[in-house]
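Here's the structure, in C-alpha cells; my notes come after.
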Amino acid sequence: MVTIASKSNTEPADLIALKGHLPLIGLTGGIGSGKTTVSDLLKGLGAGIIDTDLIAHQITAPGGIAIPLIEKEFGQDYLEPSGALNRAKMRALVFAQPEARKRLEQITHPLIRQETIKEALKSAKSGAPYLVFVVPLLIESTSWQGLLDHIAVVDCPEETQIDRVMQRNKLSRAEVLQILGAQAKRQDRIAQADTVLHNHGDLEALSAEVHDLHQKIVGITKV
Ligand code: ADP
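The working numbering puts the last residue of the sequence shown at 213; the count rises by one with no breaks.
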C-alpha cells in the first residue's frame, strides 16, 4: 500500500509524487500494434493500468467532462445527438486545420492529465505492484520524460497494423495511412524502448512476451 502526499485536499499530487514508490511503466506503440491487448494481459497479472486513450474517450463520451468545453469552442455541430463528441467530424477538421487540433488539445490535454493522475493515485493506493501508463503518443510527447522507469513498445509490421485497424475501426486504407503518417516512425519508437514486445505472431506468442515483461518489472526492486 502506498501513501502519497497531496498538495491539498482538492488538488491531486502530480504523478512525480509516485516516483520511487512503485515502478512506473510506459506502454506505447503505433495504432493497432496491440497496446490494449498487452495492457489487458498485464491487468490479468495484477498491474495497475491507466489507459490515456480510454480516458480521452471517456471525457468525450456523453456527459464527459470535456463535452461542455468542446461545445463552447466548436459548436453543437461537433457533437452527436447522444451528446458525445462527433469523432469522424472532429477527425476531419483537425487533419485539415492544425490550428483546430491545437484548440481541441488545449481543452482535452489538461483534462486527460487530471484524470490520469486521479486513476494512477487510486491504483497505487489500492496496492497495484506497478503502474502501466498506456500512451499512444508517448515517444512524440515530452511530458512523460523523467517520470517513467521503463518504456515498453509494442511493435508489429506496418502492414499488420493497417490490416488490424481497417478491420477494427472500419476505416479505409487511406484513412489508416493518414493516421500512421501523423505518428512516430517504427524505428524511432524502438530506439527509445527498454523492452520491445513483438506482436507479429499469435496471441500465445504475445502472451509469453508479456509474462517476461511482467517478471522483469516485478524484479525492479530499486526504481
Ligand atoms: P492498439 O491498442 O495498439 O490500437 P489493439 O490491442 O486494440 O491495438 O489491437 C488492434 C486489433 O488487433 C484488435 O482488434 C486486437 O484484437 C487485434 N490483435 C492484436 N494483437 C493480435 C494478435 N497477436 N493476433 C491477432 N489479433 C490481434
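We put the CB at the ideal spot given by N, CA and C, even for glycine. Fair warning: this is a prediction, and the values are worked out from it, not measured in the lab.
{"Item": "Return yes when the C-beta of LEU161 is under 7 Å from any heavy atom of ligand 1, and no when it is not.", "Value": "no"}
{"Item": "Measure the C-alpha to C-alpha separation of GLU219 and THR50 and round it to an integer number of angstroms.", "Value": "Because the chain spans -9 through 213 in this model, residue 219 falls outside it and cannot be assessed."}
{"Item": "Could you tell me the distance, in whole angstroms, from the CA atom of THR0 to the CA atom of ILE45?", "Value": "Because THR0 sits at a pLDDT of 39, beneath the cut-off of 50, its placement in the model cannot be relied upon, and the point is left open."}
{"Item": "Can you list, in chain order, the residues of its chain with a C-beta nearer than 6 Å to that of THR185? Leave out the 5 residues immediately preceding and following it.", "Value": "ALA142, LEU203"}
{"Item": "Cβ-heavy atom distance between GLY24 and ligand 1 below 7 Å?", "Value": "yes"}
{"Item": "Tell me the DSSP secondary structure of VAL125 in three-state form.", "Value": "coil"}
{"Item": "Between GLU199 and the rest of its own chain, which residues show a CB-CB distance below 6 Å, the 5 nearest in sequence each way excluded?", "Value": "LEU187"}
{"Item": "From LEU111 to ILE169, what distance separates their C-alpha atoms?", "Value": "32 Å"}
{"Item": "Taking only runs that begin and end inside the stretch 124 to 199, name each unbroken beta strand (DSSP E) of 3 or more residues, in chain order.", "Value": "140 to 145, 185 to 188"}
{"Item": "For the alpha helix (DSSP H) containing GLY34, list its first residue and its last residue.", "Value": "25 to 34"}
{"Item": "Taking just the CA atoms, how far does GLU194 sit from ASN165?", "Value": "The sequence as given places Glu at residue 165; Asn does not occur at that position. Going by the C-alpha atoms only, they are around 30 Å apart."}
{"Item": "Taking GLY19 as the reference, give the member of GLY209, LEU167, GLN173 with the closest Cα.", "Value": "GLN173"}
{"Item": "Identify every run of the alpha helix (DSSP H) within the stretch 43 to 102, keeping only runs that are complete inside it and at least 4 residues long; order them along the chain.", "Value": "57 to 64, 77 to 86"}
{"Item": "Suppose contacts are defined by Cβ-Cβ distances below 8 Å. Is LEU17 in contact with VAL28 by that definition?", "Value": "yes"}
{"Item": "By a C-beta neighbour count over all protein chains shown, 10 Å radius and 16 as the cutoff for buried, is GLY54 buried or exposed?", "Value": "buried"}
{"Item": "Check whether the Cβ atoms of ILE40 and VAL144 lie closer than 8 Å to each other.", "Value": "no"}
{"Item": "Could you confirm whether any beta carbon from chain B is found closer than 8 Å to the beta carbon of VAL155?", "Value": "Of the protein chains in this structure there is only one, and it is not chain B."}
{"Item": "Among PRO52, ILE97, LEU128, LYS108, which one has its Cα closest to the Cα of LYS175?", "Value": "LEU128"}
{"Item": "Is THR27 near ligand 1, going by C-beta to nearest heavy atom under 7 Å?", "Value": "yes"}
{"Item": "Return yes when the C-beta of ARG154 is under 7 Å from any heavy atom of ligand 1, and no when it is not.", "Value": "yes"}
{"Item": "Just how far apart, CA to CA, sit ASP67 and LYS206?", "Value": "48 Å"}
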